[in-house]
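Each residue of the sequence shown is one higher than the last, beginning at 0 in our numbering. Here's the structure we're looking at; comments come further down.
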Amino acid sequence: MSEYDLDLEEDVEERPFNKEHFLRILSYTRPYPKTVAAATALTLTSIIIGLVEPLMFRSALDQGIHAQNWRVLGIILAGILGLRILALVVSRAQIKTTNYLGQKLLFDLRQELFEHVERLPFSFFDRRSAGKIISRITNDVNHIGNLAASGVINVASQMVSLVGIIAIMMTLHWRMAILSFTTIPFLALVLTKLRWALQSAWGDTRKAVAEINAHLNETIQGLQVIQAFGREEANDVKFDKANRKFFSAYMRAIRLDQAFWPLADLVGAAGTCIVIWYGAKEYLEGRVTLGLMLAFTNYLGKFWAPISTFSRVWSQILSAMASAERVFGILDLKTEMEESKEILEEKAEGPAAEAAIMPPIQGRVEFDHVTFGYKSREPVLHDVSFTVNPGETIALVGPTGAGKTTIINLLARFYLPTEGRVLVDGYDLMTVDLESYRKQIGMVLQDTFIFSGTIMDNLRFGKLDATQEEIERAVEAVRAKDFIEQMPGGYMAEIKERGTNLSSGQRQLLAFARAILANPRILILDEATSSIDPETERLIQDAMKILLKGRTSFIIAHRLSTVRAADRIMVIEDGKIVEQGTHDELVRLKGKYAALYEAQFKKQEHHVAAEGNVSAGT
Ligand SMILES: Nc1ncnc2c1ncn2[C@@H]1O[C@H](COP(=O)(O)OP(=O)(O)O)[C@@H](O)[C@H]1O
Ligand SMILES: [Mg+2]
0 MSEYDLDLEE DVEERPFNKE HFLRILSYTR PYPKTVAAAT ALTLTSIIIG
50 LVEPLMFRSA LDQGIHAQNW RVLGIILAGI LGLRILALVV SRAQIKTTNY
100 LGQKLLFDLR QELFEHVERL PFSFFDRRSA GKIISRITND VNHIGNLAAS
150 GVINVASQMV SLVGIIAIMM TLHWRMAILS FTTIPFLALV LTKLRWALQS
200 AWGDTRKAVA EINAHLNETI QGLQVIQAFG REEANDVKFD KANRKFFSAY
250 MRAIRLDQAF WPLADLVGAA GTCIVIWYGA KEYLEGRVTL GLMLAFTNYL
300 GKFWAPISTF SRVWSQILSA MASAERVFGI LDLKTEMEES KEILEEKAEG
350 PAAEAAIMPP IQGRVEFDHV TFGYKSREPV LHDVSFTVNP GETIALVGPT
400 GAGKTTIINL LARFYLPTEG RVLVDGYDLM TVDLESYRKQ IGMVLQDTFI
450 FSGTIMDNLR FGKLDATQEE IERAVEAVRA KDFIEQMPGG YMAEIKERGT
500 NLSSGQRQLL AFARAILANP RILILDEATS SIDPETERLI QDAMKILLKG
550 RTSFIIAHRL STVRAADRIM VIEDGKIVEQ GTHDELVRLK GKYAALYEAQ
600 FKKQEHHVAA EGNVSAGT
């Protein structure tokens, strides 16, 4: 059921027009009917002003100059100026309104997408890179927003303008109008051809930028390795290639862009010539006035704007279609909550079922014939069954890739088993209210995530209303007091993104303090002490004991002392439990664990013993 086979990795630039998506994009304007109305009215007004102007020029020529009536000429010219001022005001208001509308839509869509992505099941993130997801929330949303706000209003208004121009020209002199329309196909042809080429050139620049960014990102992330291996020059060559690609694509786009205006002018000039050639005869025979001819050439000049807008917005529409497909694709994925609701409904065969609120957890954990794979046809766990009693401490050992973390992931309900059930206190995790369950479990992982902000913020993450005293107690218990107090600012020291200004051991200590504060009913430690030195680890053993006491705990560790202290050890291999029991039982069994102990743990024991450290004793 958590199978997302949407082809989201395919970054196509354009998609055929899709009415459903188009209407869905437009539906984002629904909360702003007034703004939409205002934007439409303003755009229409500025178009109407544009339509009236040539008629006024015509009157200026015919009723003013030709009739030698200075008063009328004055009035008309003043009118033209007044109209221009009005146009200025209207167009300012129009730009402001459409931008406001556009940004509002972007705001809503971006927020919706962010909140949705944050609540998607883990399996969504297994399949795509962070970069792709980020580009959905930024670029794709922009494409959609632009179209919904300005694109549609523009096209609609420009169509009105086009119809207006044609109607006026036909009324003024229909034969001359039809004659001058013969230039339109050329104009349309030039526009579409050019727009095509231009579009693909801009597409190339965007791809080149993406390539530059990707290479830059990788270089910064891997700079240490590049420098250590002296690979700067080879790396430069790669960058140079992407950089050149951008340069030539950009130059091509600019050349094409510039070609458009002279061509449009040329077609316009041809139209004017036709009008004057034909008009001259009519004028001499007294059938048309000079003013009419002026108005005509003027309207002809206005012809290209709607056509140009239309072809521009059309390509905007196609690229918004591609974006919409991706964005709506994500928005239509079920969140974790929705997914479990669906499971409940399936089970209850009706919409009646409600997720069970998890009461305070006692700590009985049961895996009941659990089979699971991240990809549906490649199981990672095979028919795993075990029961853990409240308060028990379980150590999971086994080779890398055996499935230890996967067991933990299922226990935290980040994933659902393909077959079988995971039960806590008899509650099937599939049917339990997620928030009420997760609130009661705590995790400390190998690669602890520390957020930017202060140390205090990060500690409070586990318990938002923790008092200063509670925090200090937790910090002291994990022996993190010294290093925190030595940092500039102490508890208020700013942590950089991902906690890069802390050592990985320090990050783990903070994570421990965070877990202690949260006081979870089920505790999960996945290689949580892997970056802490043996000395500090020994020091925090006491804190560990406090931490483990009275709650069910799962520990994945490579240190003998930790493994040994567990109530039960489970040896995982190839997604199966191959042995379980206490340390002594397993050593006596002379099986996998005994071999592991010989190969790995015993060394540690000698090592620790040599340091005069006996904490690993039974
Ligand atoms: N998110 C994932 N997507 C696909 N495969 C995964 C994912 N996480 C782990 N695996 C695979 O599942 C197997 C078990 O991994 P894991 O449980 O992390 O092992 P470990 O015992 O080292 O903690 C490995 O073969 C690994 O490649
Ligand atoms: Mg692991």
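The beta-carbon is built from N, C-alpha and C at its ideal position, and this holds for glycine as well. Note that this is a predicted model, so its numbers are computed, not measured.
Under the DSSP assignment, A263 falls in the alpha helix (DSSP H) whose first and last residues are 231-283. Our two residues, A321 and T453, have alpha carbons roughly 41 Å apart in a direct line.
Checking the DSSP bridge columns, you'll see L522 partnered with G441, S552.
Cβ contact annotation for G441 (same chain, cutoff 6 Å, sequence separation greater than five): A514, A517, P519, L522, in chain order.
Counting the other Cβ atoms within 10 Å of the Cβ of L41 gives 16 or more, which makes it buried. DSSP, reduced to helix, strand and coil, places Q579 within a strand of the structure shown. In the structure shown, G81 falls within a helical segment according to DSSP collapsed to helix, strand and coil. Below 8 Å, enough C-beta pairs join the segment 417-428 and the segment 369-379 to call them touching: three or more. In this model, D331 and A213 are separated by some 28 Å (Cα to Cα). The beta carbons of L585 and I568 sit about 6 Å from each other, so the pair counts as a contact at 8 Å. When DSSP reads this structure, L422 sits in a beta bridge with E365, D427. Spatial neighbours of D566 in its own chain (CB-CB distance under 8 Å, excluding positions within 5 residues in sequence) are listed in chain order as E391, T392, I393, T581. Counting along the chain, I470 sits inside the alpha helix (DSSP H) bounded by residues 467-476. What you get when you keep residues with a C-beta closer than 5 Å to any heavy atom of ligand 1 is D125, Y373, V379, T399, G400, A401, G402, K403, T404, T405.
Between ligand 2 and D424, a heavy atom-to-CB distance of less than 8 Å is absent. Comparing alpha carbon positions, the residue from T499, I329, K589 closest to V116 is I329. D573 has its Cβ no nearer than 8 Å to any heavy atom of ligand 2. Contact check for W303 against L190 passes: the beta carbons are separated by less than 9 Å. In this chain, the alpha helix (DSSP H) harbouring R563 covers 559-563. One thing to note: V266 has its Cβ within 9 Å of the Cβ of F185. Checking the 8 Å criterion, the Cβ of Q445 is within range of a heavy atom belonging to ligand 2. The three-state reading of DSSP puts L332 in coil, since its state is none of H, G, I, E or B. Annotation note: the segment 477-551 contains the following uninterrupted beta strand (DSSP E) runs of length 3 or greater, listed N- to C-terminal: 521-525. Comparing alpha-carbon positions, the option among T386, I133, A38 lying closest to S90 turns out to be A38.
For the set I46, P398, F238, the Cα lying nearest the Cα of T218 is the one of F238. For S199, the enclosing alpha helix (DSSP H) stretches over residues 183-220. Remark: the C-beta of I555 is in contact range of ligand 2, defined as less than 8 Å to any heavy atom. With 16 or more other Cβ atoms from the protein chains shown falling within 10 Å of its own Cβ, S552 counts as buried. Between ligand 2 and the CB of E526, the shortest heavy atom gap is smaller than 8 Å. By the neighbour-count criterion, in which 16 or more other beta carbons inside 10 Å mark a residue as buried, K403 falls on the buried side. Burial of A248 is indicated by the presence of at least 16 other C-beta atoms within 10 angstroms of its C-beta. V570 carries a strand assignment under DSSP once its states are collapsed to helix, strand and coil. If you check the CB distance, V423 and I342 do not come in under 9 Å. Per DSSP, the continuous alpha helix (DSSP H) segment holding F123 begins and ends at 121-125. Taking a 10 Å sphere around the C-beta of G150, we find 16 or more other C-beta atoms and assign the residue as buried.
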